[in-house]
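Residues 77 to 607 in this note's numbering are what the sequence shown lists, from first letter to last.
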Amino acid sequence: MKKWLNTSIATVVGGAVLMAGCSSGKPAGEANKESEAPKNFNAEGYPIVSEKITLNMMGSKAAIHGPWNEMVLFKEMEKMTNIHFEFNTPPQANYQEAKNLAFASRQLPDVFFNSLLTPDDEVTYGSQGYLIPLEGLIEKYAPNFKKLLEKNPDIKKSITTIDGHIYSLPLIIDQPRAFVPNRMWLNGDWMESLGITKLPETTDEFYELLKQFKNGDPNKNGKADEIPLSNVKLNNFEGVVLPAFGLLGREVEVKDGKVRFNPVQEGYKEYLSYLNKLFTEKLLDNEMFVQTSQQMVAKGNSNQIGAFAGSAPDLVLKVTKPEDNHKHPMLAPLTSPLNSEKLTLRASNIRRGTFAITSQNKNPEATMRWVDYLYSEEGSRLGFLGNSYKWLDDAKTKWTFVSPDGVTPEEYRAKLTPDVGGQLPLIKEREFDSKRDNGKGLDFNKMVDEKLNPYAKREFPDVYFTNDEQKRLNVVKTDIKTYVDQMEAKFIVGQEPLAKWDDYVNTIKKMGLDEMLKIYQDAYDRWNNNK
């Protein structure tokens, strides 16, 4: 068995090592020749191999994880398939460096799992032969995943690289609450205190509500300590406030088939002007650009925050019982004088790069059958939950988490599967998730389906760039994004007046905006034409 990569040296990756590793790789065609299925392999049924085999797996280990070799997921899969894994799991903080070193030194695992492979990784290492094409294996040995691609053509388009190959498998999310993860919540206790019953529907009405929060002493402590709207930097605002001004996010967006860069659009200027007004009038937390999430939560728990963007009320506000979440309403998408269409930003339902097979793997057929089980109903639940759940009735209409006394469900689940804090090749099912017993808590799926999903849109599809395109984007986009981030904060806090908007736009154009947009447009056109 080949010697394992020592992850402790991951930080010493150098350009010379990287070039040496890549230049010595097999050509893609040679590395990926299909061969007949080996004798120790069952194309159907279980076990997958008659005699046990051992493969090496590399993946990102979150701090909350237990040892992977002790996880129920892999133990149960081994019993069923006869495939044993040895693990190399660098800490999440060092994983990218360790992954890069594995490719550079050619000390590759047989399998990447919870692998955090970027689209650039797939294109680069796939074309060099380090990652093998999977489409032939999918066709022959992955009936569950093949059925998924046939049912959802956009998934296949989004995981097929420019050379026509699929080099990694994705996580598929079919849960409404994951489509629109960021929402705007209002402090229901404050609204009751002020006798407010109507939720704002426009940016102007939201502004008026924030003024009432500021001036009405809704926390009833006799102090002017209310913070009407809080956030950490601009996290989440691009999904819940910016769409009110007609823009989906603060990067590129496809509008009528043409790619545009939203931070130079008129709607973005109005968005900045709106936030500047809130900041100047102290309706928006003046510590938002310097505070941590823990500091914001402390304010919320002290009953000082009236509105915030996030996944759930109890992440910021003090909620002692699950049913108390119901007191704090979620806003539907707002409109503005500039935009009368209700919009909200929808996240992609796939997470690419979760699983790949390398050219070192001598059992790709068995490996594909192994991972395909995770795309079945039973396999997805095993990968998602391990054995941390149970059905509450014989008809299997409700299930709930189970965990030992004194251990939270997430802490327990993290000892059973890398899904906690990770992304695995499986399906997070809508139907199964809808059967989870929330007790008296919020039904986020129902709430998002009713209030947000009808207005949710993707800003840009999951595309692949060529190597040359990616290299240019790494330069041009990085510079532009850094400048946009800096100026965004300056405009909001008033350090730069919006009277300098034209200078700001011209600077971005000089930094290579047209070149960046052409790269995105070419990538979008390829994706759109990929039937």
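Where is the CB? At the ideal position from N, CA and C, for every residue including glycine.
Looking at residue i: is its Cβ nearer than 8 angstroms to the Cβ of residue j?
| i | j | result |
| --- | --- | --- |
| Leu-500 | Gly-459 | yes |
| Gly-325 | Thr-420 | no |
| Asn-158 | Pro-114 | no |
| Pro-276 | Pro-409 | no |
| Gln-380 | Asp-293 | no |
| Gly-212 | Tyr-243 | no |
| Ile-426 | Leu-247 | yes |
| Thr-278 | Ser-412 | yes |
| Ala-45 | Ser-191 | This structure does not reach residue 45, given that the chain is present from 77 up to 607, and the question cannot be answered. |
| Met-156 | Thr-493 | no |
| Ala-490 | Gly-240 | no |
| Met-444 | Ile-214 | yes |
| Asp-250 | Asn-437 | no |
| Lys-394 | Gly-376 | yes |
| Tyr-596 | Val-328 | yes |
| Thr-434 | Leu-245 | no |
| Val-552 | Gly-498 | no |
Taking the alpha-carbon positions, what's the residue i to residue j distance?
| i | j | result |
| --- | --- | --- |
| Asp-590 | Asp-538 | 21 angstroms |
| Val-496 | Leu-461 | 9 angstroms |
| Leu-149 | Gln-204 | 32 angstroms |
| Lys-403 | Val-524 | 16 angstroms |
| Gly-228 | Ile-235 | It is worth fixing the name first, because residue 228 is Asn in this sequence and not Gly. Looking at the two C-alpha atoms, the distance is approximately 12 angstroms. |
| Thr-476 | Asp-519 | 14 angstroms |
| Tyr-580 | Glu-505 | 45 angstroms |
| Glu-417 | Lys-533 | 12 angstroms |
| Asp-513 | Lys-474 | 6 angstroms |
| Ala-169 | Thr-194 | 16 angstroms |
| Lys-79 | Asn-362 | Any reading at Lys-79 needs caution, since the residue's pLDDT is 40, under 50, leaving its predicted position unreliable; the model's value is listed next. Computed Cα separation, rounded: 54 angstroms. |
| Gly-333 | Thr-356 | 38 angstroms |
| Lys-472 | Lys-511 | 8 angstroms |
| Glu-120 | Ile-208 | 22 angstroms |
| Glu-526 | Gly-322 | 21 angstroms |
| Gly-101 | Leu-414 | Note on Gly-101: pLDDT 37, under 50, position unreliable in the model; the coordinate value appears next. Each residue's alpha carbon lies about 55 angstroms from the other. |
| Met-267 | Lys-296 | 12 angstroms |
| Gly-105 | Tyr-206 | A caution first: Gly-105 carries a pLDDT of 39, below 50, which makes its placement in the model too unreliable to give a value. |
| Asn-108 | Glu-535 | Annotation note: pLDDT 42 at Asn-108 (below 50); position unreliable, no value reported. |
| Ser-452 | Gly-515 | 28 angstroms |
According to DSSP, is residue i helix, strand or coil?
| i | result |
| --- | --- |
| Val-328 | strand |
| Lys-296 | coil |
| Gly-455 | helix |
| Gly-386 | strand |
| Asn-521 | helix |
| Asn-606 | coil |
| Gly-121 | coil |
| Val-187 | strand |
| Met-563 | helix |
| Leu-593 | helix |
| Thr-130 | strand |
| Thr-484 | coil |
| Asn-379 | coil |
| Phe-161 | strand |
Sorted by chain position, which residues of the same chain lie with C-beta nearer than 7 angstroms to residue i's C-beta, five sequence neighbours on each side aside?
| i | result |
| --- | --- |
| Arg-457 | Phe-508 |
| Asn-543 | Val-199, Thr-200 |
| Gly-264 | Lys-403, His-404, Pro-405 |
| Asn-529 | Pro-252, Phe-255, Val-256 |
| Glu-152 | Leu-458 |
| Asn-307 | Phe-313, Asp-361, Met-364, Phe-384, Ala-385 |
| Asp-196 | Gln-546 |
| Asp-481 | none |
Return the chain-ordered list of same chain residues with a C-beta closer than 6 angstroms to the C-beta of residue i, the five sequence neighbours on each side being excluded.
| i | result |
| --- | --- |
| Tyr-488 | Ser-464, Ser-479 |
| Gln-571 | none |
| Leu-354 | Leu-360 |
| Asp-448 | Ala-218, Asn-220, Phe-221 |
| Thr-165 | Gly-135, Lys-137, Trp-144 |
| Asn-258 | Asn-312, Gly-315, Val-316, Ala-385 |
Less than 8 angstroms between C-beta atoms, sequence neighbours within five positions excluded: which residues of the same chain meet that for residue i?
| i | result |
| --- | --- |
| Ile-584 | Phe-337, Pro-339, Val-340, Ile-556, Tyr-559, Val-560 |
| Leu-348 | Glu-564, Phe-567, Ile-568, Leu-574 |
| Leu-401 | It should be noted that the sequence gives Asn, not Leu, for residue 401. Ala-388, Pro-389, Asp-390, Val-395, Gly-517, Leu-518. |
| His-160 | Lys-128, Ile-129, Thr-130, Leu-131, Glu-154 |
| Tyr-344 | Leu-318, Phe-321, Leu-323, Arg-326, Asn-338 |
Taking the alpha carbon of residue i as the reference point, which residue from the options has its own alpha carbon closest?
| i | options | result |
| --- | --- | --- |
| Val-125 | Lys-586, Arg-506, Thr-473, Glu-441 | Glu-441 |
| Gly-271 | Thr-279, Glu-545, Leu-285, Gly-482 | Leu-285 |
| Thr-368 | Val-392, Lys-522, Lys-345, Leu-351 | Val-392 |
| Trp-261 | Asp-390, Leu-177, Met-587 | Asp-390 |
| Lys-299 | Lys-233, Thr-443, Asn-291 | Asn-291 |
| Tyr-171 | Phe-161, Lys-216, Ala-139 | Ala-139 |
| Gln-288 | Lys-576, His-160, Gly-382 | Gly-382 |
| Lys-175 | Trp-144, Lys-216, Met-133, Glu-162 | Met-133 |
| Tyr-600 | Tyr-540, Glu-486, Asn-550, Ile-303 | Tyr-540 |
Could you check if residue i belongs to the surroundings of the ligand FMN, using beta carbon to heavy atom distance under 7 angstroms?
| i | result |
| --- | --- |
| Gly-298 | In terms of ligand content, the structure shown is empty, and the ligand FMN therefore cannot be addressed. |
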